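Written out below as structure tokens is the structure these notes cover.
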DNA sequence: TAGATTGTTAATCGATTAACAATC
DNA sequence: TAGATTGTTAATCGATTAACAATC
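Chains as they are written, first to last, in the working numbering: chain A, 1 to 214; chain B, 1001 to 1214.
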């Protein structure tokens, strides 16, 4: 283990590793080699070893990695062993989907603990035990509940305004679902979960000129 | 313009460019330089020029890029000027959200034209003018409706099975929302829109040890 | 014309992969 | 011990950035 700066590419692979390891664990696989992981993920085994080695010596020479042990280590790296509170703004379909989608609170400790909306007729309604709050309460709630991550699921034209309010409230990171580029201070990290980007770039790779009779 | 192989990184930036250009167009901006685009997107202007130059000479020296003209060109590159039919499997919250979310059919021509679910009690229900169909009809519908892209919004343990059926039906690309790594033939392209990855990697960047009294 | 900005080549930077000594 | 596989260094590959001639 050496303390270099960890590249973003490395960090983005960690959740994928974790996902696969959880699956292997469910299948009662106890040990896995970088070669096997590479095969399953379509990655170079050297890359996997190098990625993991940034954070510690997790493997055993001649043996490989202990699945449960590696899961624990990656969870630690990603800070999933502590509870991280999350706020969500925008209770449209997508917001609802995310609130209900507790997959990400099953294995990790990221929890949506507050939900906000700008629409007066949404305020006060219940989503999954949470009462939709007005935007005016955002700052206070973020502070009181130690909320560290904000999720934005509002229409694109409202996204920047919500981001500003999150920043103002002292959030550390933003996950933005709106198809908009956000401007925030450098110390705030924004990740984009904008599926239109994925969908559009997918279209690029389609074959040209499929004859369509119509 | 030169015909090299286009790297994935370049392709992934194109939707972002397009997004911003649409916004500039709405603000009646007629011309934009790579410098301005770079400022707005946090990218190096040389990179933007180089990205665009892969596909053609879209700019004018001493002037910049005509916004509407560049929009048209990028739309062409991404094949958004033809209608591309899309199928969706999984009518949970997320599936509903995507069906209703017609943002991506406002500016581009990717259209969800068929919806499927495995649950008997979902079949026959209506989502946005579309009748939920059983999985048994997937192959035939894909063929009849020239569906080229499949979206997967089922639970992770069902994702691979759905992917197999999409491949079998002759789909060209898959957008997978399930937190699972899919195995498909090389010629099928899979993009992941798995927000848990984004959320988990975001957690990595949080400050350590925020003292939480509780 | 003078100023601005492209398209592109060359230089730099960073990330991936290969190779192998260490060792379980 | 022999075989396997790590952790890590060195080599390669690719992507980003700088620089600048071409030209609007």
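Ideal Cβ placement from N, Cα and C applies to all residues, glycine included.
These figures come from a predicted structure and were not determined experimentally.
Exercise. Under three-state DSSP, which class holds residue 116 of chain A?
Worked result: If DSSP states are grouped into helix, strand and coil, residue 116 of chain A belongs with the strands.
Exercise. Does residue 1122 of chain B come within less than 8 angstroms of chain A when only Cβ atoms are used?
Worked result: Closer than 8 angstroms: no.
For this session: With DSSP as the reference, label residue 1066 of chain B as helix, strand or coil.
Result: DSSP places residue 1066 of chain B in strand when its eight states are reduced to three.
Exercise. By the 10 Å Cβ neighbour count, where 16 or more other Cβ atoms means buried, how is residue 1079 of chain B classified, buried or exposed?
Worked result: Residue 1079 of chain B should be labelled buried.
For this session: Say whether chain B places a C-beta atom closer than 8 angstroms to the C-beta of residue 148 of chain A.
Result: At a cut-off of 8 angstroms, the C-beta of residue 148 of chain A has a neighbouring C-beta in chain B.
Problem set entry | Residues that residue 1087 of chain B bridges to, as DSSP identifies them | Per DSSP, B/1114 and B/1150.
For this session: Use the C-beta contact count for residue 1015 of chain B: other C-beta atoms within 10 angstroms, 16 or more gives buried, fewer gives exposed.
Result: Classification for residue 1015 of chain B: buried.
Exercise. If you draw a straight line from the alpha carbon of residue 1103 of chain B to that of residue 1201 of chain B, how long is it in whole angstroms?
Worked result: Annotation note: pLDDT 48 at residue 1103 of chain B (below 50); position unreliable, coordinate value reported separately. Cα to Cα, the separation comes out at about 26 angstroms.
Problem set entry | Test: residue 58 of chain A CB closer than 8 angstroms to a CB of chain B | False, the Cβ-Cβ gap to chain B never drops below 8 angstroms.
For this session: Identify the contact partners of residue 1173 of chain B in chain A, using a Cβ-Cβ distance below 8 angstroms as the criterion.
Result: For the C-beta of residue 1173 of chain B, the chain A residues within less than 8 angstroms are, from N- to C-terminus, 202, 203, 205 and 206.
Exercise. Any beta-carbon of chain A closer than 8 angstroms to the one on residue 1016 of chain B?
Worked result: By this cut-off, residue 1016 of chain B is an interface position.
Exercise. Counting pairs of beta carbons, one from the segment 132-149 of chain A and one from the segment 164-171 of chain A, are three or more of them closer than 8 angstroms?
Worked result: With contact defined as three or more Cβ pairs closer than 8 angstroms, the segment 132-149 of chain A and the segment 164-171 of chain A are in contact.
Exercise. Can you check whether the CB of residue 124 of chain A is closer than 8 angstroms to the CB of residue 149 of chain A?
Worked result: Taking 8 angstroms as the Cβ cut-off, residue 149 of chain A and residue 124 of chain A do not qualify as a contacting pair.
For this session: Determine whether the Cβ of residue 11 of chain A lies closer than 8 angstroms to any Cβ atom of chain B.
Result: Look at residue 11 of chain A: its C-beta is under 8 angstroms from a C-beta on chain B.
Exercise. Going by the CB atoms, is the gap between residue 1094 of chain B and residue 159 of chain A shorter than 8 angstroms?
Worked result: No, the Cβ-Cβ distance between residue 159 of chain A and residue 1094 of chain B is not below 8 angstroms.
For this session: Decide if the segment 1055-1072 of chain B is in contact with the segment 54-72 of chain A; the criterion is three or more beta carbon pairs, one per stretch, under 8 angstroms apart.
Result: As far as the Cβ criterion goes, the segment 1055-1072 of chain B does not touch the segment 54-72 of chain A, which means the pair count is below three.
Exercise. Got a sec, what are the start and stop residues for the alpha helix (DSSP H) residue 1142 of chain B sits in?
Worked result: Note, residue 1142 of chain B: alpha helix (DSSP H), 1138-1144.
Problem set entry | Own chain residues within Cβ distance below 7 angstroms of residue 1154 of chain B, not counting five before or after | Excluding sequence neighbours, residue 1154 of chain B sits near 1089, 1090, 1162 and 1178.
Problem set entry | Within 8 angstroms, strictly: CB atoms of residue 115 of chain A and residue 127 of chain A | Contact flag set, yes.
Exercise. Is residue 1130 of chain B helix, strand or coil when you go by DSSP?
Worked result: Strand, per DSSP.
Exercise. With residue 1181 of chain B and residue 82 of chain A assumed to form a contact (beta carbons below 8 angstroms), what rounded beta-carbon distance in angstroms separates them?
Worked result: Rounded, the Cβ-Cβ distance is 26 angstroms, inconsistent with contact.
Exercise. Is the CB of residue 198 of chain A under 8 angstroms away from at least one CB in chain B?
Worked result: With 8 angstroms as the cut-off, residue 198 of chain A counts as an interface residue toward chain B.
Problem set entry | Unbroken alpha helix (DSSP H) run spanning residue 12 of chain A, endpoints | First-last of the alpha helix (DSSP H) with residue 12 of chain A: 8-26.
Exercise. Is DSSP giving residue 42 of chain A helix, strand or coil here?
Worked result: Under the three-state reduction of DSSP output, residue 42 of chain A falls in the coil class, being neither helix nor strand.
For this session: Assign residue 1145 of chain B to one of two classes, buried (16 or more other C-beta atoms within 10 Å of its C-beta) or exposed (fewer than that).
Result: With fewer than 16 Cβ atoms within 10 Å of its Cβ, residue 1145 of chain B is classed as exposed.
For this session: Express the C-alpha separation of residue 39 of chain A and residue 122 of chain A in angstroms, rounding to a whole number.
Result: About 48 angstroms.
Exercise. Can you check whether the CB of residue 12 of chain A is closer than 8 angstroms to the CB of residue 34 of chain A?
Worked result: The Cβ atoms of residue 34 of chain A and residue 12 of chain A do not sit closer than 8 angstroms to each other.
For this session: In angstroms with no decimal places, state the Cα-to-Cα distance between residue 1010 of chain B and residue 10 of chain A.
Result: Near 19 angstroms, if we compare the C-alpha coordinates of residue 10 of chain A and residue 1010 of chain B.
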